[in-house]
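Asker: Below is a structure I'd like to ask you about.
Residue numbers (the numbering used here), protein chains in the order written: chain A, 1 to 131; chain B, 132 to 262; chain C, 263 to 393; chain D, 394 to 524; chain E, 525 to 655; chain F, 656 to 786.
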């Protein structure tokens with residue numbers, strides 16, 4: 001359950017509908033996932049979030065699949081179940097193979113492990129890492 | 132400060148020295164960062180960690196720079212200062228440009244933001260994301 | 263599922279029942295949420311937790327609704343689903359409007375984002391922030 | 394140390410300078426804290442972050458001091474040292490008394506404790522909390 | 525739901541089956557929990573994870589029940605629901621009494637609370653704690 | 656730096672001094688670590704925290720060294736540098752050997768790793784783990 005009802009299409013305000021329409025047009029798909037239906041209670045937050053997501057995850061210096069892998073890594077570490085599912089699905093939609101996914105899991109597991117070891121031992125940063 | 136002294140080369144046990152030698156040979160560099168000098172108190176843990184890291188971060192299905200970006204993402208989210216520094220340095224050594232780094236920062240920031248929103252609203256996973 | 267059965271009223275020990283009675287009296291409601299029914303296996307822990315919660319969340323220097331908003335913020339960041347739900351419900355019971363909730367979500371999202379950026383860049387604390 | 398040099402005023406690009414000027418004008422202060430000097434390497438990210446922060450933390454449905462307290466709560470839970478310092482300073486600048494701060498600490502500590510207990514016991518959400 | 529189907533016995537590859545067989549033999553039980561059925565998609569990751577777990581959680585300097593308590597503590601703090609359940613079950617299987625569990629909960633709750641207070645106040649490490 | 660000055664002995668209020676005296680008497684040591692000197696600004700919070708810590712970490716069903724190991728595990732996972740240092744020092748003072756510490760590090764690293772894998776794959780809880 002959410003902390004507020006998910007808005008179906010016919011419950012959207014005019015402002016929210018315009019943004020949802022842009023999500024559909026940008027993605028070339030009618031499917032609107034629950035995150036946007038939850039955010040739609042506040043058109044201003046919906047707009048700010050969508051505008052920024054569209055810009056950040058769009059074409060740029062890093063390829064879209066890598067961006068999704070980074071998104072998965074953050075989401076897993078924040079223990080965000082929804083985000084882990086949605087961005088794993090997005091990574092697959094952008095071409096992530098099962099072999100790449102297996103390797104991504106290994107990297108995520110490795111990073112967690114050494115993060116734990118480093119923090120447990122309180123290792124000081126080497127001056128050589130200075131930018 | 133660490134929870135135990137960092138071991139200099141001449142304080143290494145024979146088992147630890149053999150692993151440190153392999154790190155140097157594998158990396159083609161004499162520089163040994165503090166993480167390994169802290170782990171060297173326990174050659175078994177040093178060995179297990181290095182063997183696994185070498186395997187996971189080596190050549191595979193995902194390119195090495197992407198792996199470092201994923202590592203940064205996990206490390207930042209776990210608030211591991213050392214790991215953030217060491218893997219940002221590693222990503223740069225593997226060719227990450229400043230423009231890519233700026234975009235990586237934007238993706239990490241975005242992911243944190245939507246993770247927070249999703250968890251705050253407790254959005255249920257869409258069945259469409261099912262594998 | 264919990265790691266131990268939730269105790270119904272007739273399964274409470276005498277010590278646990280006395281504390282549950284105080285929760286009911288303090289809140290002016292018969293409803294006892296699952297957290298207390300899980301804690302009731304250990305009357306000492308139940309007592310310590312309830313006594314402290316009653317004191318901390320009661321009248322003081324910060325108004326009760328603000329305290330609930332802070333509680334939500336911590337709970338979201340710790341990815342505690344139960345706590346997010348229970349304190350969002352508590353905030354609404356204490357008068358949080360939907361407009362305030364939308365703004366709270368925006369602040370939580372913003373804080374997560376800049377936390378991620380700051381940690382990624384390892385920004386040093388300005389001396390001006392010193393108390 | 395940061396992952397990239399903090400930019401002093403005379404190292405700012407024209408785009409970055411315009412945004413830094415707006416921060417100074419909006420805050421009515423010449424002081425620019427390190428977060429912005431680190432972000433200034435990427436004027437687009439600087440702009441997006443500042444624009445959003447200005448909007449979210451500005452006047453609205455929740456009073457500015459409460460917003461800072463929520464920001465502190467998120468920052469502490471994310472273990473963001475810089476953010477904890479900067480928003481504690483901001484809260485004091487907006488009038489937080491030492492008595493309020495002591496109470497805020499108590500609420501944050503309490504929330505962490507019950508988050509830990511709830512997650513350890515895996516307490517299921519009561520249907521009564523449904524929105 | 526998982527991000528990939530859980531593999532039943534007859535869907536296992538030969539390599540995966542050999543490892544699953546070793547898990548069964550080592551534990552003296554036919555029951556294979558879902559974690560291994562999810563990992564079985566990648567026999568290399570399955571093998572590395574099981575080999576390491578068997579070594580780390582086996583007989584050593586710390587008794588097996590204490591290791592499970594530490595595992596629970598990490599899992600709770602990482603908000604890993606599955607891990608919390610599986611290691612609480614494992615601790616009970618290794619003899620954890622309900623009185624010990626109640627005390628473990630109290631320690632976990634206490635640690636979370638003081639972690640929150642310390643991070644909120646940004647307390648500097650005493651030189652006396654230096655190794 | 657802390658968010659508020661650490662109180663030296665002669666800056667303590669009478670209420671704070673009485674609690675600090677009890678800490679000294681209970682521990683049989685004059686050394687007061689910074690956590691208590693930071694908390695001393697609010698005698699009520701100092702008292703509640705110390706009273707609870709004394710009770711939870713004292714003699715009980717779990718031996719004191721195990722409690723410290725659990726405390727370390729939580730503190731590492733919450734990325735609390737101070738708490739990691741102080742409880743590692745406490746564990747050593749209670750007899751933790753270097754061999755035990757090495758094994759504790761291995762368990763903590765392992766737990767982090769499998770937590771990451773489980774959360775990444777969103778593994779559902781086996782019904783067999785039900786209490």
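Built from N, CA and C at the ideal position, the CB exists for glycine as well.
May I ask you to report which of helix, strand or coil DSSP gives residue 390 of chain C?
Answerer: DSSP places residue 390 of chain C in helix when its eight states are reduced to three.
Asker: Check whether the Cβ of residue 350 of chain C lies closer than 7 Å to any Cβ atom in chain A.
Answerer: Yes, its Cβ sits closer than 7 Å to a Cβ of chain A.
Asker: Can you list the residues of chain B that residue 471 of chain D reaches, using a CB-CB cut of under 7 Å?
Answerer: The contacting residues are 210.
Asker: How far does the alpha helix (DSSP H) with residue 252 of chain B in it extend, from its first residue to its last?
Answerer: 229-252 is the span of the alpha helix (DSSP H), which, as asked, contains residue 252 of chain B.
Asker: In whole angstroms, give me the CA-to-CA distance for residue 743 of chain F and residue 117 of chain A.
Answerer: Approximately 13 Å between the Cα atoms of the pair.
Asker: On the DSSP letters alone, give me the boundaries of the alpha helix (DSSP H) that residue 710 of chain F sits inside.
Answerer: Its alpha helix (DSSP H) spans residues 698-712.
Asker: Compute the beta-carbon to beta-carbon distance between residue 102 of chain A and residue 569 of chain E, rounded to the nearest angstrom, for a pair I have assumed lies under 8 Å.
Answerer: Sure, about 6 Å apart at Cβ, within 8 Å.
Asker: Closer than 7 Å by beta-carbon distance: list the chain D residues that pair up with residue 316 of chain C, in chain order.
Answerer: Correct list: empty, because the minimum Cβ distance to chain D is about 10 Å.
Asker: Here's the rule I'm using: 16 or more other beta-carbon atoms within 10 Å means buried, otherwise exposed. How should residue 305 of chain C be labelled?
Answerer: Buried, since its Cβ has 16 or more Cβ neighbours within 10 Å.
Asker: Assign residue 593 of chain E to one of three DSSP states: helix, strand, or coil.
Answerer: Three-state DSSP puts residue 593 of chain E in a helix.
Asker: Is it true that the CB of residue 119 of chain A sits closer than 7 Å to the CB of residue 264 of chain B?
Answerer: The shown model of chain B, from 132 to 262, leaves out residue 264 of chain B, and the question about it has no answer.
Asker: Report the rounded CA-to-CA distance for residue 267 of chain C versus residue 198 of chain B, giving the unit in angstroms.
Answerer: When rounded, the distance between both Cα atoms is 43 Å.
Asker: Which two residues bound the contiguous alpha helix (DSSP H) that contains residue 539 of chain E?
Answerer: It spans 538-551 - the alpha helix (DSSP H) in which residue 539 of chain E sits, taken as one unbroken run.
Asker: Of the choices C:311, C:288 and C:338, whose alpha-carbon is the least far from that of residue 245 of chain B?
Answerer: Of the listed residues, the one whose Cα sits closest to residue 245 of chain B is C:338.
Asker: Quick check on residue 471 of chain D: does DSSP put it in helix, strand or coil?
Answerer: Coil, per DSSP.
Asker: Taking a Cβ distance cut-off of 7 Å, strictly less, list which residues of the region 306-337 of chain C are near chain F, in chain order.
Answerer: Result list: 310 and 314.
Asker: Name the chain E residues whose beta carbon is nearer than 9 Å to that of residue 132 of chain B?
Answerer: The contacting residues are 649, 651, 653, 654 and 655.
Asker: Report the rounded CA-to-CA distance for residue 336 of chain C versus residue 466 of chain D, giving the unit in angstroms.
Answerer: Distance between the alpha carbons of residue 336 of chain C and residue 466 of chain D: 6 Å.
Asker: What's the C-alpha gap between residue 34 of chain A and residue 127 of chain A?
Answerer: Taking the straight line joining both Cα atoms gives about 46 Å.
Asker: Identify which residue in D:505, D:458 and D:477 has its Cα closest to the Cα of residue 487 of chain D.
Answerer: Answer by Cα proximity: D:458.
Asker: Taking the CB atoms as reference points, tell me whether residue 341 of chain C and residue 79 of chain A lie closer together than 7 Å.
Answerer: Result yes, Cβ atoms of residue 341 of chain C and residue 79 of chain A sit closer than 7 Å.
Asker: Is residue 30 of chain A helix, strand or coil when you go by DSSP?
Answerer: In the structure shown, residue 30 of chain A sits in coil (DSSP, three-state: anything other than H, G, I, E or B).
Asker: Show which residues of chain F have a CB atom less than 8 Å away from the CB atom of residue 563 of chain E.
Answerer: Near residue 563 of chain E (Cβ distances below 8 Å), the residues of chain F are 772 and 776.
Asker: Under a CB-based cut-off of 7 Å, is residue 506 of chain D close to chain E?
Answerer: True, the Cβ-Cβ gap to chain E drops below 7 Å.
Asker: Name the chain A residues that come within less than 8 Å of residue 239 of chain B, Cβ to Cβ?
Answerer: Per Cβ cutoff of 8 Å: 70 and 74.
Asker: Against chain E, with Cβ distances strictly below 7 Å, would residue 102 of chain A count as a contact?
Answerer: Closer than 7 Å to some Cβ of chain E, the Cβ of residue 102 of chain A qualifies, so yes.
Asker: What do you get for residue 158 of chain B, buried or exposed, if any count of 16 or more other CB atoms within 10 angstroms of its CB means buried?
Answerer: By the 10 Å Cβ count, residue 158 of chain B comes out exposed.
Asker: Please state the DSSP three-state secondary structure of residue 5 of chain A.
Answerer: Here residue 5 of chain A sits in coil by DSSP.
Asker: So with CB distances below 8 Å, who are the chain B contacts of residue 346 of chain C?
Answerer: What residue 346 of chain C touches in chain B: 250, 251 and 253.
Asker: Please report how far the alpha carbon of residue 214 of chain B lies from the alpha carbon of residue 9 of chain A, in whole angstroms.
Answerer: The alpha-carbon atoms of residue 214 of chain B and residue 9 of chain A are separated by roughly 44 Å.
Asker: Can you list, in chain order, the residues of its chain whose CB lies under 7 Å from that of residue 726 of chain F, leaving out five sequence neighbours each side?
Answerer: Excluding residues within five positions, the ones whose Cβ falls inside 7 Å are 742.
Asker: Using a C-beta cutoff of 7 Å, does residue 498 of chain D count as contacting chain E?
Answerer: It does: the Cβ of residue 498 of chain D has a partner Cβ on chain E nearer than 7 Å.
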